[in-house]
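In my numbering, the protein residues as written are 24 to 435. Structure first, commentary second.
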Ligand code: SF4
């Protein structure tokens with residue numbers, strides 16, 4: 024099989040994995056004339072697409088889509104009737120270098136089905152990164168998918184070469200993983216995440232205390248994971264609780280939410296259709312509220328429903344459920360409270376805080392500061408604006424933010 028055909032199969036097989044954004048790594052470039060590539064944004068474009076059409080800017084491939092495991096939600100499972108292919112280590116290295124030189128990509132996202140053993144597969148994955156870094160002096164971004172059962176020494180070596188490592192938790196609940204991926208061991212997944220966390224903490228401490236010599240690197244962009252949404256019946260509350268636990272226990276950089284995509288010849292245990300993509304979007308918004316806005320997982324979702332509303336964003340939904348905490352006086356509110364105002368992002372809040380030291384903020388100042396007002400005005404007090412209690416407490420406020428109903432077309 025030629026490399027072109029392998030690439031068709033193995034790039035297609037990798038498109039179901041969404042956990043490969045290239046944020047948060049260290050800055051590297053080759054402007055000194057040594058080495059190849061950089062991690063600067065926009066240095067290469069990859070045309071790798073998730074099934075829903077999102078563009079992901081990395082060469083995103085599997086080393087092989089053959090796999091010993093039979094995870095029901097996975098197109099590469101051993102019982103799947105798809106064409107199989109396998110790259111050699113040198114083929115992936117050459118493709119990465121060629122694509123980088125042509126400016127098609129800014130880095131590599133490499134995963135693999137499990138063949139022979141976890142150690143054998145992980146060794147192959149690590150070999151690609153080792154060759155790229157040591158033989159070709161490649162300084163672009165590398166994200167390696169880690170195999171939880173692999174030997175500690177291999178994982179340590181992966182961290183030496185990769186910017187980011189990830190292990191997919193796959194399902195929000197342990198019993199769903201046992202049902203859909205019986206060969207996977209959630210304890211091994213969590214144990215390896217724990218090992219990665221220790222190594223990441225150690226590397227950070229080494230950087231902090233380093234004096235003369237540069238300390239050994241370990242995955243400077245940290246670790247991430249992916250959860251498939253909508254393959255099982257887990258509620259948004261369960262999903263966010265799991266994410267909060269993962270962030271807290273293993274200090275993950277990101278949890279990616281991937282709306283389940285129906286796959287060919289799927290098991291009857293799986294749903295026939297994907298969940299609405301807006302659900303994935305709302306989960307990402309909720310995830311940001313946990314990471315950057317000081318929200319706890321257990322306050323984002325309405326306990327009585329268990330699901331995020333699809334028609335309005337989670338911060339607005341929270342504010343509508345907690346109207347007694349508003350309106351907030353912009354002149355005196357704490358940063359924590361300002362971050363809870365619908366429509367206010369972290370930068371908008373910082374601009375407000377910097378400005379209110381100098382002047383009392385008016386409506387015109389919000390415009391000048393590029394602070395969005397549409398969602399915020401019913402919830403804030405300015406020196407020339409005070410929302411009526413009637414508006415804030417009225418049933419019409421929720422309706423005001425919902426998208427207008429539109430008559431559906433005939434479909435022809
Ligand atoms: S181990 Fe990975 S590649 Fe293999 S079937 Fe499971 S999810 Fe797919």
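Glycine residues also receive a C-beta, built at the ideal position from the N, C-alpha and C atoms. The model shown is predicted, which means the values in this text are computed figures rather than measured ones.
Residue i Cβ short of 8 Å to the ligand SF4 heavy atom set
{"i": "residue 92", "result": "yes"}
{"i": "residue 193", "result": "yes"}
{"i": "residue 211", "result": "no"}
{"i": "residue 292", "result": "no"}
{"i": "residue 368", "result": "no"}
{"i": "residue 104", "result": "no"}
{"i": "residue 190", "result": "no"}
{"i": "residue 100", "result": "yes"}
{"i": "residue 207", "result": "yes"}
{"i": "residue 417", "result": "no"}
{"i": "residue 136", "result": "yes"}
{"i": "residue 108", "result": "no"}
{"i": "residue 88", "result": "yes"}
{"i": "residue 34", "result": "no"}
{"i": "residue 204", "result": "yes"}
Rounded C-alpha distance that separates residue i from residue j
{"i": "residue 411", "j": "residue 299", "result": "36 Å"}
{"i": "residue 124", "j": "residue 110", "result": "20 Å"}
{"i": "residue 351", "j": "residue 309", "result": "22 Å"}
{"i": "residue 296", "j": "residue 335", "result": "23 Å"}
{"i": "residue 389", "j": "residue 380", "result": "15 Å"}
{"i": "residue 120", "j": "residue 127", "result": "10 Å"}
{"i": "residue 375", "j": "residue 319", "result": "24 Å"}
{"i": "residue 463", "j": "residue 197", "result": "The chain is shown from 24 up to 435; residue 463 falls before or after that span and cannot be answered."}
{"i": "residue 199", "j": "residue 218", "result": "24 Å"}
{"i": "residue 220", "j": "residue 238", "result": "17 Å"}
{"i": "residue 254", "j": "residue 283", "result": "6 Å"}
{"i": "residue 244", "j": "residue 223", "result": "10 Å"}
{"i": "residue 340", "j": "residue 38", "result": "33 Å"}
{"i": "residue 97", "j": "residue 302", "result": "21 Å"}
{"i": "residue 307", "j": "residue 189", "result": "18 Å"}
{"i": "residue 63", "j": "residue 185", "result": "A caution first: residue 63 carries a pLDDT of 44, below 50, which makes its placement in the model too unreliable to give a value."}
Buried versus exposed, by CB contacts within 10 Å (16 or more), residue i
{"i": "residue 242", "result": "buried"}
{"i": "residue 349", "result": "buried"}
{"i": "residue 145", "result": "buried"}
{"i": "residue 143", "result": "exposed"}
{"i": "residue 169", "result": "buried"}
{"i": "residue 289", "result": "buried"}
{"i": "residue 5", "result": "No information on residue 5 is available, as it lies outside the stretch 24 to 435 that the chain covers here."}
{"i": "residue 315", "result": "exposed"}
{"i": "residue 167", "result": "buried"}
{"i": "residue 99", "result": "buried"}
{"i": "residue 246", "result": "buried"}
{"i": "residue 268", "result": "exposed"}
{"i": "residue 262", "result": "buried"}
{"i": "residue 234", "result": "exposed"}
{"i": "residue 28", "result": "exposed"}
{"i": "residue 33", "result": "buried"}
{"i": "residue 88", "result": "buried"}
{"i": "residue 338", "result": "buried"}
Discussion item. Can you confirm whether the region 365-375 touches the region 409-423 when touching is taken to mean that 3 or more C-beta pairs between the two stretches lie within less than 8 Å?
Written reply: no
Practice prompt. Check whether the region 385-405 touches the region 316-329, counting contact only when three or more Cβ pairs, one atom from each stretch, lie closer than 8 Å.
Written response: no
Item to complete: Count the C-beta pairs between the region 150-166 and the region 112-119 that are closer than 8 Å, then say yes if the count reaches three, no if not.
Response: yes
Practice prompt. Specify whether the region 202-210 and the region 175-194 touch according to this definition: at least 3 beta carbon pairs, one from each stretch, less than 8 Å apart.
Written response: yes
Discussion item. With three or more beta-carbon pairs closer than 8 Å as the criterion, would you say the region 81-96 touches the region 129-141?
Written reply: yes
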